[in-house]
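Reminder that position 62 of the sequence shown reads as 62 in the UniProt record's numbering, one-by-one numbering, no gaps.
One structure below.
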Amino acid sequence: MAHYQARGHIPAKRHTQHRSDDGSLYFEELMGEEGFSSDSSLLYHRNIPSTITSTRIWDIQGQATTPNHPLAPLHLKLHDLFADEASTKTDVVTGRRLVLGNGDVRISYVVATETSPWYRNGIGDECLFVEHGEARVETVFGAFDLAEGDYLIVPRATNHRWIPTAASESADGKPLAVYAIEANSHIAPPKRYLSKYGQLLEHAPYCERDLRTPSEALLAEHIGASADDETEVYIKHRGNGPGGVVGTIHTQPHHPLDVVGWDGCLYPYVFNVRDFEPITGRVHQPPPVHQVFEGYNFVICNFVPRKVDYHPLSIPVPYYHSNVDSDEVMFYVAGDYEARKGSGIGKGSISLHPGGHAHGPQPGAYEAAIGVEYFDELAVMVDTFRPLEIGEAGRASDDGLYAQSWSRGEKRGASEPETHS
1 MAHYQARGHI
11 PAKRHTQHRS
21 DDGSLYFEEL
31 MGEEGFSSDS
41 SLLYHRNIPS
51 TITSTRIWDI
61 QGQATTPNHP
71 LAPLHLKLHD
81 LFADEASTKT
91 DVVTGRRLVL
101 GNGDVRISYV
111 VATETSPWYR
121 NGIGDECLFV
131 EHGEARVETV
141 FGAFDLAEGD
151 YLIVPRATNH
161 RWIPTAASES
171 ADGKPLAVYA
181 IEANSHIAPP
191 KRYLSKYGQL
201 LEHAPYCERD
211 LRTPSEALLA
221 EHIGASADDE
231 TEVYIKHRGN
241 GPGGVVGTIH
251 TQPHHPLDVV
261 GWDGCLYPYV
271 FNVRDFEPIT
281 GRVHQPPPVH
291 QVFEGYNFVI
301 CNFVPRKVDY
311 HPLSIPVPYY
321 HSNVDSDEVM
331 FYVAGDYEAR
341 KGSGIGKGSI
351 SLHPGGHAHG
361 PQPGAYEAAI
371 GVEYFDELAV
381 MVDTFRPLEI
391 GEAGRASDDG
401 LYAQSWSRGE
411 KRGASEPETH
421 S
């Protein structure tokens, strides 16, 4: 986003000589979007950033998807994917399991305890949501300390790695769990929130003060490594593999953390969901008021604890609606979803409501919501404008029952008010 930052040592004028104390030149790299026509940053490296000594294939497993056919709403239980201790002996990069995807966006989930390899996504930006646990993320722009509720936006082609905090040492006592949204495009605040020069406007539900930008310039010696450490970097890029995704591993003769300084408007940043200021009204507000980010052909929204509709005749839960142009994916993070008897939705669940199917509150919830003044909920929603297909993790976590949860003919328990869109 167009919010200028500078870190470390940079020359007074761009594209001019920048030398170390011993007189050797630093190597300037422009990292820019849309060729040379959009946001960019200039990074100053100790080493030539193009240097590699070998390449080999990174065999990325589980990227194939299958159509949601016959068309049905789905309930996916993500916590079942990493229920046993052995399955958590993985990392945030190589351990992701694909839940849903299409040509514009892929949604994965991982619970991780191990340090990831150095990695960059050469396909698009990533939006990583920390469900619980803590981690340190080291990038060529600087480092971040992440905790529950943090969104990390990582621009395409940014070298970085994830270092989980041990569950016994994290504030919430839980292992690191990450909900990963990978774009085939860039991810940014909605355009309607921004001025023509890129400033977040007064009606936006967050502003620049809420964003955490990288720490000071981070070099190999700052983390106890050697600048000359040969390092493997895992790269996800376009190709003819399943889902159009393939991987390559580059070996470079130096450590990735060799950027002595950088400046510009393109860099990773963090936004915590608790800093989102909900927009409410006298009657039920539609999902766009909950939007936090957008990419090409998809949007990201979050539903946070908030006061709800205050018209004397309001019905706070959503009206039944047909997603004519989009598929809707809701990841239930916290709140009262476990009390929604009959649907099976709980913390760690995903609901998929596909285009072409009308959906809304569970039986009884429409009436029960009357008079409710506050929703205690936390959820992350992705709406896509092309149909989503089901990944291997989606198939493995499908409860097989959700499509029938609105059937009044079956005996169901009383439901709490539904709070998804």
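We put the beta carbon where it would ideally sit given N, CA and C, even for glycine.
- Segment contact: the segment 107-121 against the segment 146-153, fewer than three CB-CB distances shorter than 8 Å; contact not assigned.
- Only buried fits Ile-181, as 16 or more other CB atoms lie within 10 angstroms of its CB.
- Taking the Cα positions, Asp-21 is about 34 Å away from Leu-211.
- Only residues of its own chain outside the window of five on either side were considered, and among them Val-154 and Glu-182 have a CB closer than 6 Å to the CB of Glu-126, listed in chain order.
- Excluding sequence positions up to five before and after Gly-95, its CB lies within less than 6 Å of the CB of Val-110 and Ala-112, all in the same chain and listed in chain order.
- The beta carbon of Arg-274 is closer than 7 Å to those of Gly-149 in its chain, skipping five residues each way along the sequence.
- By the Cβ test, the segment 256-267 is in contact with the segment 40-57, since at least three Cβ pairs between them sit closer than 8 Å.
- In this structure Gly-335 is buried. Its beta-carbon is surrounded by 16 or more other beta-carbon atoms within 10 angstroms.
- When secondary structure is reduced to three states using DSSP, Gly-32 falls in the strand class.
- By a beta-carbon distance limit of 8 Å, Ile-315 contacts His-284. Their separation comes to about 7 Å.
- Residues of the same chain with a CB within less than 7 Å of the CB of Phe-276, apart from the 5 flanking positions on each side, are Pro-205, Tyr-206, Val-292, Asn-302 and Val-304 in chain order.
- Scanning the UniProt domain "Homogentisate 1,2-dioxygenase C-terminal" (298-406) from its first residue to its last, the whole alpha helix (DSSP H) runs of 4-plus residues come out as 365-368 and 392-397.
- Pairing His-3 with Glu-208, the inter-Cα distance amounts to about 8 Å.
- Counting along the chain, no beta strand (DSSP E) covers Lys-89, and no H or E run does either.
- Listed in chain order, the beta strand (DSSP E) elements of length 3 or more contained wholly in the segment 39-97 are 40-45, 54-58 and 74-77.
- In terms of Cβ geometry, Leu-257 and Val-140 form a close pair [threshold 8 Å].
- In the displayed model, Glu-294 falls within a strand according to three-state DSSP.
- Just measuring C-alpha positions, the residue of Pro-117, Gly-348, Pro-363 and Ala-167 sitting nearest Phe-129 is Gly-348.
- For Ser-108, the uninterrupted beta strand (DSSP E) run begins and ends at 105-112, by DSSP.
- Linking Gln-252 to Val-233 through their CA atoms gives a straight-line distance of about 8 Å.
- For Val-283, the three-state secondary structure derived from DSSP is coil.
- Per DSSP, the continuous beta strand (DSSP E) segment holding Thr-251 begins and ends at 245-252.
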